[in-house]
Amino acid sequence: FGRTLKLMDVTTSTQEEVRLLAEHGASEGTLVIAEEQTIGRGRQGRKWHSPAGKGIWMSLLLRPQLPLSAAPQLTLLTAVAVCRAVRAVTGIGVGIKWPNDLLVRGRKICGILLESVGEDEMIRYCIAGIGIDANLEPDDLPPELASIATSLQIESGRKVDRAVLIGAVMTEMEKLYGLYMEEGFAPIGHLWEALSVTTGQHITVKTAQGEVSGRAVGLEERGGLLVMQEDDSLTTIFSGEVHFDGC
Ligand code: BTN
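Straight run, no breaks: the sequence shown in this note's numbering ends on number 787.
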């Protein structure tokens, strides 16, 4: 992964760059990295703050021959890969909040946006968008992010070599993707669980169907989050925003 690489000074969103390349037949593993994004996209229609030269803003093209229903598992796989790479390169104790936010001390340092394009229920391609707040300084965080986001530099007190971290993320992605293709989701799910800061917590999830509250008890095989509600009934959440109760 990352052997076909497009490096850009500025773009609207690396997701759009990869989408164009994919539509023109680019191969799996194609990677686009931008120094700055002018319309960086987050999950649920949010904007992703992507200042110049400070972070890692990149998108990776995947072409798995899998049904569209496998996309949530690829999202979790990407979170595991980035989490392991960040831990190995920086030594910072990063954890995963379901499904795919990376947190340090309860603050977000990385977001993942996996977009899938399908045909006849099968994935044509996926774009794994990864945004890592690597070398942002406190002043780089707009007021609305100051209390909920942080960066690797703020947490460790030193600059991260972005090229080294990008290389580590690609190596982990390639390794875990290979494992997933050979053995299915179970081993990835176990790795995810080991890095999760969600399991065991009392949470409230806002879903399109309404709010669910209870204790997060683990991952379900398709990649959903199992929640034990007050009345001891188990429910599975497939999308939504997790809030830790009491925070
Ligand atoms: C989130 O909301 O947590 C997901 C954020 C994903 C941001 C990355 S940065 C690289 C890629 N290009 C985008 O426009 N978004 C993703």
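Virtual Cβ for every residue (Gly too), placed ideally from N, Cα, C.
* To do: State the DSSP-derived secondary structure class of Gly580, mapped to helix, strand or coil.
  => coil
* **Residues of its chain near Asn640, where Cβ-Cβ distance is below 8 Å and the 5 sequence neighbours each way are ignored** => Closer than 8 Å at the Cβ level, and outside the excluded window around Asn640, lie Thr615, Leu616, Thr618, Ala619, Gly651, Ile652 and Leu654.
* Asked: Nearest to Phe725 by CA position, among Arg664, Pro612 and Ala625, is which residue?
  -> Pro612
* List the residues that DSSP assigns as beta-bridge partners of Ser753. => Thr744
* When DSSP labels each residue in this structure, what does Ala689 get in the three-state scheme? -> It is a strand residue.
* Kindly list the residues whose CB is nearer than 6 Å to the CB of Gly593, restricted to its own chain and excluding five residues on each side of it in sequence; keep chain order. => Correct list, in chain order: Glu575.
* Other residues of its chain near Phe541: CB distance less than 7 Å, five sequence neighbours each side excluded -> Same-chain partners within the cutoff: Gly569, Leu571, Leu600, Met710, Met713 and Glu714.
* To do: Would you give the residue range spanned by the beta strand (DSSP E) that Glu659 belongs to?
  => Arg647 to Glu659
* May I ask you to verify whether the region 760 to 775 touches the region 732 to 751, counting CB pairs closer than 8 Å and requiring at least 3? => yes
* Verify the contact flag: Thr554, CB atom, against every heavy atom of the ligand BTN, threshold strictly below 6 Å. => yes
* Limits of the alpha helix (DSSP H) - the one that Glu712 falls within -> Segment Arg702 to Glu723, the alpha helix (DSSP H) holding Glu712.
* To do: Compare the C-alpha of Phe784 against each of Gly633, Val752 and Ile573 and name the closest.
  => Distances from the alpha-carbon of Phe784 to those of Gly633, Val752 and Ile573 put Val752 closest.
* What does DSSP give as the partner residues of His730 in its beta bridges? -> In the DSSP output, where bridge partners are listed per residue, His730 has none listed.
* **Closer than 6 Å: Arg698 CB and nearest the ligand BTN heavy atom** => Flag unset: Cβ of Arg698 not near the ligand BTN.
* Put Pro604 into one of helix, strand or coil per three-state DSSP. => coil
* To do: Return yes when the Cβ of Ala756 is within less than 7 Å of the Cβ of Ile743, no when it is not.
  => yes
* Cβ-heavy atom distance between Gly669 and the ligand BTN below 6 Å? -> yes
* Asked: Under the rule that 16 or more other beta-carbon atoms within 10 Å means buried, what is Arg645, buried or exposed?
  -> exposed
* **Boundaries (first-last residue) of the beta strand (DSSP E) holding Arg664** => Met662 to Ile672
* Asked: Looking at C-alpha atoms only, which residue of Val558, Gly780 and Thr552 is the closest neighbour of Ile667?
  -> Val558
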